[in-house]
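Participant:
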Amino acid sequence: MAETDDGGGVPLPGGRWRLWEQFALRGPGFPADGVLRLAPAGLAEAADKFAGDDTAVLAPDDREWTDFAGLFAQAAVETAHHLQDIARTPAFREAVAWQNRPVLASGVAPFLAWTPTAAGRTSMPRQREELVAHYWQRFCVKNDTIGFFGPVGWGRWDLEGPGVAVDPGEGLIAATEVYFAGWAIDALAARIDADPALREWVAPRRVPFVRVSDAEVTVPGRPARSVGPEAAAVLGLCDGLRPVRDIRAALPGVDVPAVLADLVARRWVVWKLEVPAGAHPERALRAWLDGVGDAEARGRWLAALDTLERGRDRVRAAEGADDVVAALAELEGGFAALTETAAVREKSAGTAPCRAVVYADCRRAATVRAGRAVHEALAPLEPLLTSSGWLTARLADAVMAEARGVYERLAEDGPVDLASFWFACMPVLHGTARARADALQREFRDRWASVLAVPPGARRVHRSLADIAGPVAEHFGTGGGAPPGAGWTAARYVSPDVMVAATGVDAVERGDFELVLGELHLAANTLGASLFVHQHPDPGELVRLTGRDHPRPRLMPLLPKEHRSRLSARTRHALVRPDDYHVALVDLTSGAGRPRTVLSADVTVTERDGELVVVLPDGARFPAVDVFAHVLTTLAMDLFQILPEDGHTPRVTVDRLVVARETWRLPGPDLDFADEKDEARRFVRARRWRARHGLPRYVFVVLPTEPRPFYVDFDSPVYVNILAKAVRRMVRKEPDGRAVVTEMLPTPEQAWLVDDQGRSYTSELRFVAVEEEQG
1 MAETDDGGGV PLPGGRWRLW EQFALRGPGF PADGVLRLAP AGLAEAADKF
51 AGDDTAVLAP DDREWTDFAG LFAQAAVETA HHLQDIARTP AFREAVAWQN
101 RPVLASGVAP FLAWTPTAAG RTSMPRQREE LVAHYWQRFC VKNDTIGFFG
151 PVGWGRWDLE GPGVAVDPGE GLIAATEVYF AGWAIDALAA RIDADPALRE
201 WVAPRRVPFV RVSDAEVTVP GRPARSVGPE AAAVLGLCDG LRPVRDIRAA
251 LPGVDVPAVL ADLVARRWVV WKLEVPAGAH PERALRAWLD GVGDAEARGR
301 WLAALDTLER GRDRVRAAEG ADDVVAALAE LEGGFAALTE TAAVREKSAG
351 TAPCRAVVYA DCRRAATVRA GRAVHEALAP LEPLLTSSGW LTARLADAVM
401 AEARGVYERL AEDGPVDLAS FWFACMPVLH GTARARADAL QREFRDRWAS
451 VLAVPPGARR VHRSLADIAG PVAEHFGTGG GAPPGAGWTA ARYVSPDVMV
501 AATGVDAVER GDFELVLGEL HLAANTLGAS LFVHQHPDPG ELVRLTGRDH
551 PRPRLMPLLP KEHRSRLSAR TRHALVRPDD YHVALVDLTS GAGRPRTVLS
601 ADVTVTERDG ELVVVLPDGA RFPAVDVFAH VLTTLAMDLF QILPEDGHTP
651 RVTVDRLVVA RETWRLPGPD LDFADEKDEA RRFVRARRWR ARHGLPRYVF
701 VVLPTEPRPF YVDFDSPVYV NILAKAVRRM VRKEPDGRAV VTEMLPTPEQ
751 AWLVDDQGRS YTSELRFVAV EEEQG
């Protein structure tokens, strides 16, 4: 069975873009209909009998209202029983154990010990109901990628197939791996580093932006400093490979530790045990320990690492919530004792999501094949990708225009090294570039407004590919003045999330389906993230696809190990080939011993054929824009918006592809039902409010005060309560904040992905689109 036409990917109609043969299958680990259990049958219809003016008083002595209030109270008790059944489920409890183990004892256990009654539904039981319901919606209808409750699935194209085909495999999970969080292994490394017996085995390294020339040291933005012969000799040997004992042997008569202490104080040298970033940091630490010549010290710390690895292995082998809780507690206790560090990091703006010592990622048993019908329905993706190329090219052009001015000023004083250039560009990258990106986004939306010509007040807008192809070419092609190419090497990639809205695979084969565009991740191959690569059955296949896209070496800036929610061990790009270059601008996180790793101070910036380029020590040359790749991608990732941020925007469909879902952006006071204290009245008022705005039954809500989007079913009182509480928090914390409400499409009833038991799951397909190289 042929998978593609020529083994060169799956082309889109315009010829500029093609899709990888591989795609990821993302979906939760619990069936989609699980959330429907929390919508009491008939209650919504009963509530809607009180339709009318939202300000009307619902009299407590009115017979109809009294009857409804009794029905509501009975439904609330039944829902509480359903939630207790959910909370008793071993898989649910295990998922919560991985997410937030203390909640099992503080919230779930007392909830299960409670006997639901109408009178007994006081404040605390209701909070626990909402706690379980909140986790449940995430586990059932959020296409997350984490653990067995959000396993990574895989699919590929089969253009001889008619629609989509599912091989459910056996069970839900094909494979599970438990990983150490990088910060946890760093904590053990810090303890090892503090052992005086091991200091001489640690290899010091020069800070990447420190330039050494003869007996002078230059740090960006400061005058050159002369150093004595001993300091120069020691500094010249600080390559991150030679341990201090070897440097001392090479420089007899020099007090190497004392010189190093001075160089560290000057911030020219780093002398500490560093573990390279990666999915398996413990392996790198073990390799370093194996090279230590002090048998006693080596054995002492290898035994400590063994203890942690045995604890991780027990976690991996645990089955069920109780075993997982016990294994995690034992591991964390051992970790805290060995490292003298808390086993769970506090949430903060500066920490990545992985706060525990270990985390789990899983591969889904089900696999998918996508055929002709899906490929044909994806044709409208091509003009969207074309416009994204316009956006990234313009962004790169704007940033590099300012960077050229920085270069020209520096070049007046002589040759320019990359470290000086990088630091001098900081006001551009973290200042004016943001303003330019915002202006580009506005221009981008204006151009798309001209393309789509959405009528005022419209709720459904249908266009054909033929309708928009010409205007897109005019506004975003050469007619729009866009420079050729996507702007920087990484921007050749765009990763669209696409959902299939169909009641089953047979419906797709009949043509009874739509595709729904979720997010369009600009300037990134998101399948290169570690969490995907290491859950692929053959990671080498992804590397080979990368090699086809990039037959020549790439220049890739090294990033910190983690940074807020955007960067962690799980999201770090892992599709790096041996012939790719790493440039350490500030952080050296790949390990000093990796070939083709260069320091920014050793790289020259110059101009060739009218373009800024960087020249590496071995003579390799790359466009200077690639040095800014991560900053540019960070700026670009949220720019793709084809509709304005109005109070209401319609669903826009091009042929069979929904390119924008219907969305409402509403100020907190507009959701006035949230302030109603009586649950039954709140439910009725919420349904009146929903009807007034024309919202569908199922939506996702984003609030500035909530960490992630959450699902709401307006037929379910418990989800209405969760929404109301979240709105009240927003109004208190951010009075000017807006609730962004987006229709859920596909709905829970349109879940075509099944397991071997026939249970249906929500899902999305994450594709990789790559722009063919220009010229």
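Mapping to UniProt numbering: the sequence shown position 398 is 398, numbers consecutive. Every residue, glycine too, gets a C-beta built ideally from N, C-alpha and C.
What number of angstroms, rounded off, separates the C-alpha of Ser760 from the C-alpha of Gly171?
Facilitator: 13 Å
Participant: Is the Cβ-Cβ distance between Arg661 and Gly647 less than 8 Å?
Facilitator: no
Participant: Return the residue from the list Ala724, Val712, Asp715 that minimises the CA-CA distance to Lys677.
Facilitator: Ala724
Participant: Quick one, which of Arg138, Ala44, Phe111 has its alpha-carbon nearest Tyr711's?
Facilitator: Arg138
Participant: So for Leu567, helix, strand or coil by DSSP?
Facilitator: strand
Participant: Using three-state DSSP, classify Ala51 as helix, strand or coil.
Facilitator: coil
Participant: Can you tell me whether Arg621 is helix, strand or coil according to DSSP?
Facilitator: strand
Participant: Look up Thr341 in the DSSP assignment and say whether it is helix, strand or coil.
Facilitator: coil
Participant: Identify the continuous beta strand (DSSP E) that holds Arg314 and give its terminal residues.
Facilitator: From DSSP, Arg314 is part of no beta strand (DSSP E) but of the alpha helix (DSSP H) over 295 to 317.
Participant: So what does DSSP say about Thr66, is it helix, strand or coil?
Facilitator: helix
Participant: For Met556, does the three-state DSSP call read helix, strand or coil?
Facilitator: strand
Participant: In or out: Thr55 buried (at least 16 other Cβ within 10 Å) or exposed?
Facilitator: For Thr55, the predicted structure reports a pLDDT of 45, less than 50, and the residue's modelled location is therefore unreliable. The matter cannot be settled from this model.
Participant: Ignore the nearest five residues each way along the sequence and tell me which others in Leu131's own chain have a CB closer than 6 Å to its CB.
Facilitator: Excluding residues within five positions, the ones whose Cβ falls inside 6 Å are Gly107.
Participant: Quick one: what's got a C-beta closer than 6 Å to Leu643's C-beta in the same chain, skipping five residues either side?
Facilitator: Thr649, Ala660
Participant: Measuring CA to CA, which of Arg205, His475, Ala39, Arg310 is closest to Ser82?
Facilitator: Here the sequence assigns His to residue 82, which means Ser is not the residue at that position. When each option's Cα is compared against that of His82, the closest is Ala39.
Participant: Answer yes or no: do residue 776 and Ala336 have a C-beta to C-beta separation smaller than 8 Å?
Facilitator: Beyond the ends of the chain as shown, which are 1 and 775, falls residue 776; an answer cannot be given.
Participant: Am I right that Ala279 and Tyr179 are in contact with their C-beta atoms under 8 Å? What's the rounded C-beta distance?
Facilitator: 6 Å
Participant: Where are the beta strand (DSSP E) runs, 3 residues long or more, that stay fully inside the stretch 142 to 211, in chain order?
Facilitator: Complete beta strand (DSSP E) runs here, min 3: 152 to 157, 164 to 167, 173 to 180.
Participant: What is the C-beta distance between Gly334 and Leu308, in whole angstroms, given that I count them as a contact (C-beta under 8 Å)?
Facilitator: 7 Å
Participant: Grab me the residues of Ser464's own chain with a C-beta within less than 8 Å of its C-beta, minus the 5 sequence neighbours each way, in chain order.
Facilitator: Result list for Ser464: Val654, Asp655, in chain order.
Participant: Between Glu200 and Arg16, what straight-line distance do the alpha-carbon atoms span, to the nearest angstrom?
Facilitator: If you draw a straight line from the Cα of Glu200 to the Cα of Arg16, it comes to about 55 Å.
Participant: How should Thr432 be labelled, buried or exposed, when 16 other C-beta atoms within 10 angstroms of its C-beta is the threshold for buried?
Facilitator: exposed
Participant: Rank Ser495, Glu562, Gly389 by C-alpha distance to the C-alpha of Thr589 and give the top, closest one.
Facilitator: Glu562
Participant: Should Met10 and Val505 be called a contact, given that it needs their Cβ atoms to be closer than 8 Å?
Facilitator: The displayed chain sequence assigns Val, not Met, to residue 10. The answer is no: Cβ separation not under 8 Å.
Participant: Any contact of the stretch 231 to 247 with the stretch 193 to 212, i.e. 3+ C-beta pairs under 8 Å?
Facilitator: With the cut-off at 8 Å, the stretch 231 to 247 and the stretch 193 to 212 touch.
Participant: Just the C-alpha distance for Ala491 and Arg682, rounded to the nearest angstrom, thanks.
Facilitator: 48 Å
Participant: Do you know offhand how far Leu429's Cα is from Pro28's?
Facilitator: Straight-line measurement puts the Cα of Pro28 at about 37 Å from the Cα of Leu429.
Participant: Quick check: Asp448 and Val627, are their CB atoms within less than 8 Å of each other?
Facilitator: The sequence given here has Trp at residue 448, not Asp. Cβ atoms of Trp448 and Val627: not closer than 8 Å.
Participant: Indicate the three-state DSSP secondary structure (helix, strand or coil) for Leu19 in the structure shown.
Facilitator: strand
Participant: I need the boundaries of the beta strand (DSSP E) containing Leu612, first residue and last residue.
Facilitator: Where Leu612 is concerned, the enclosing beta strand (DSSP E) starts and stops at 611 to 615.
Participant: From Val358 to Arg312, what does the alpha carbon distance come to, in whole angstroms?
Facilitator: 7 Å
Participant: Please state whether DSSP places Met499 in a helix, a strand or coil.
Facilitator: strand
Participant: I need the DSSP call for Leu575, collapsed to helix, strand or coil.
Facilitator: coil
Participant: Can you grab the Cα-Cα spacing for the pair Glu216 / Ala224, in whole Å?
Facilitator: 6 Å
Participant: Taking C-beta to C-beta, are Arg26 and Gly153 nearer than 8 Å?
Facilitator: Inclusion of Arg26 and Gly153 in the CB contact set at 8 Å is warranted, their separation being smaller than that value.
Participant: Quick check: the Cα distance between Ser600 and Glu177, rounded to an integer number of angstroms?
Facilitator: 36 Å
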